[in-house]
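Below is one structure; the comments refer to it alone.
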Amino acid sequence: MLFSDQRLPAISQNSKRIENLEKNNLLLSLELKKLNILENENNKLRKALDFRTEKNINIVGADIISFDPSSWRRVVLINTGKNEGLKVGMYAIDYNGYLIGRIIAVKNNYSRLMLIDDPEFNLAVFIGNDALGMLAGGLDSLKILYIDHSDKINLNDVVWFKIPLTAYPLYIGRVTKINENKENLFFEVEVKSFNSNTLLNKVFILK
Amino acid sequence: MREKNLKIFFTLLILLLIDLLKPFGYSLFAEFTFLGIVFIAMNYPFRIALIYSIIFGYLKDAASTGNVSFSIFEFTCVAIFIHYFLHHFRKKEAKFFIFYGALLFHLIANNLYIHKTQVLFSIFFIIHSSVIFLLINYILSPWFKIPRAEND
Chain A
1 MLFSDQRLPA ISQNSKRIEN LEKNNLLLSL ELKKLNILEN ENNKLRKALD FRTEKNINIV
61 GADIISFDPS SWRRVVLINT GKNEGLKVGM YAIDYNGYLI GRIIAVKNNY SRLMLIDDPE
121 FNLAVFIGND ALGMLAGGLD SLKILYIDHS DKINLNDVVW FKIPLTAYPL YIGRVTKINE
181 NKENLFFEVE VKSFNSNTLL NKVFILK
Chain B
1 MREKNLKIFF TLLILLLIDL LKPFGYSLFA EFTFLGIVFI AMNYPFRIAL IYSIIFGYLK
61 DAASTGNVSF SIFEFTCVAI FIHYFLHHFR KKEAKFFIFY GALLFHLIAN NLYIHKTQVL
121 FSIFFIIHSS VIFLLINYIL SPWFKIPRAE ND
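Heads up: the protein sequence lines correspond to chains A and B, in order.
The first sequence begins at 1 in the working numbering and counts up one residue at a time.
The second sequence begins at 1 in the working numbering and counts up one residue at a time.
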């Protein structure tokens, strides 16, 4: 009576699920081994070619203490500084891992963080898979300047940036408008940032 | 006189704190300290307006990112211009145009300062600042004992 007719199909389904999970587990462990081998090989080749080895990144959380009183600037004061190992040029991300700014000044216990929509912010970024450009902050919209006419850019292409000396990509936003003028040497695109939170209170700094 | 000065000082200090803490984040496009300076310049003698525009211009510059004393210069100019125009145009309606003149000066000065023209942002800034200035007038006029007719 313990294994009634009604229970048998459920048991056989469960055993199939377990079997599938075991299969997936094996495949993933094989994939992991393969990736480990590739990583070792990559490191050996980097050494052989005298490339700089990738550095590991660490994340430090910080609270926003105050904002720049001018509405024309997007600079915030955060409560971590030199004592926590922060340096000028480090990048900040939000809860979702999207790039939101860069450290521009550091004191012992606090730092100034320039957000990506500050009019003075600029950064070399990738658009989609091929194109490169210069992201320029702005209060109206973010723009990518100096894009060559030979670059293929489509609407909704992801704009991203790679932290120097690491393989970590940081996503910034999506292309919303392409201003192509054949008379100009370069063309520019408008970008909508992934971080749409206007009530920022916490940021994460990549060390 | 002392009570009046204290009231002005604490009001502007609170407005500066609102600018620094931005309780509405970046969803509100208005500068409370600037609007406070305009309110003081419109309702108080030139000497008082000038002193407070220098003090709060300095405090705003101290909390800002740039090294230039931009706000001292800007607030002082606003106080001087407002008193100059109030002296020459005494009609009630003149205050309306003087306020928007001050706002336009603020927009142009800041756009020049950042070397960029932010059209959409500037439009939102005018709308939000107008509403906030009306609120400041409505809340502060009874406390500062300014006759309603002078403000409307």
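In this text, a Cβ means the ideal position worked out from N, Cα and C, and glycines have one as well.
Model, not experiment: these values are computed from the prediction.
Of the candidates N197(A), I172(A), A167(A), G85(A), the residue whose Cα lies closest to the Cα of N42(A) is A167(A). Nearest CB-CB separation between L120(B) and chain A: below the 8 Å threshold. DSSP places S193(A) inside the beta strand (DSSP E), whose first and last residues are 186-193. A109(B) sits in a helix when the DSSP states are folded into three classes.
Listed in chain order, the positions of the stretch 62-86 of chain B with a beta carbon within less than 7 Å of a beta carbon of chain A are A63, S64, T65. Within the stretch 118-158 of chain A, the complete beta strand (DSSP E) runs of at least 3 residues fall at 122-127, 131-136, 142-148.
DSSP places G61(A) inside the beta strand (DSSP E), whose first and last residues are 59-67.
Counting other Cβ atoms within 10 Å of its Cβ, H149(A) stays below 16 and is therefore classed as exposed. Judged by DSSP secondary structure, L17(B) falls within the alpha helix (DSSP H) whose first and last residues are 2-21. Rounded to the nearest whole angstrom, the CA to CA distance from H128(B) to F96(B) is 16 Å. Under the three-state reduction of DSSP, I37(B) is assigned to helix. V175(A) counts as buried, since no fewer than 16 other beta carbons sit within 10 angstroms of its beta carbon. According to the DSSP secondary-structure assignment, R112(A) is paired through a beta bridge with L77(A), A105(A). Secondary structure of I100(A) (DSSP, three-state): strand. Interface annotation, T33(B): in contact with chain A, CB-CB separation under 8 Å. Taking the beta carbon of P119(A) as reference, the chain B residues within 9 Å of it are I114, H115, K116, Q118, listed in sequence order. Taking 8 Å as the CB threshold, N110(B) lines the interface with chain A. Between F161(A) and A92(A), the CB-CB gap reaches or exceeds 8 Å.
If you draw a 10 Å sphere on the C-beta of H115(B), you find fewer than 16 other C-beta atoms in it, and that means exposed. In this chain, I146(B) is not harboured by any alpha helix (DSSP H), its DSSP state being neither H nor E. At a cut-off of 8 Å between beta-carbon atoms, F29(B) makes contact with chain A. For G57(B), the enclosing alpha helix (DSSP H) covers residues 46-63. Exposed is the label assigned to P164(A), since fewer than 16 other Cβ atoms lie within 10 Å of its Cβ. For the C-beta of G25(B), the chain A residues within less than 7 Å are, from N- to C-terminus, T198, L199, L200.
Distances from the alpha-carbon of F105(B) to those of G66(B), V131(B), S71(B) put S71(B) closest.
The straight-line gap separating the alpha-carbon atoms of L8(A) and R17(A) is approximately 14 Å. The alpha-carbon separation between D61(B) and F89(B) amounts to approximately 32 Å. In this structure, the alpha-carbon of L107(B) lies about 18 Å from that of S27(B). Following the DSSP letters along the chain, one finds I82(B) in no beta strand (DSSP E) but inside the alpha helix (DSSP H) bounded by residues 70-88.
Put simply, the stretch 47-58 of chain B does not touch the stretch 95-109 of chain A. Fewer than three CB pairs are less than 8 Å apart.
Within chain B, no C-beta atom comes nearer than 9 Å to that of S150(A); the closest sits roughly 28 Å away. Less than 8 Å divides the Cβ of I132(B) from the Cβ of F32(B). Between the alpha carbons of M42(B) and T65(B) lies a distance of about 29 Å.
When the alpha-carbon of G138(A) is set against those of F39(B), Q118(B), E74(B), the nearest one is in Q118(B).
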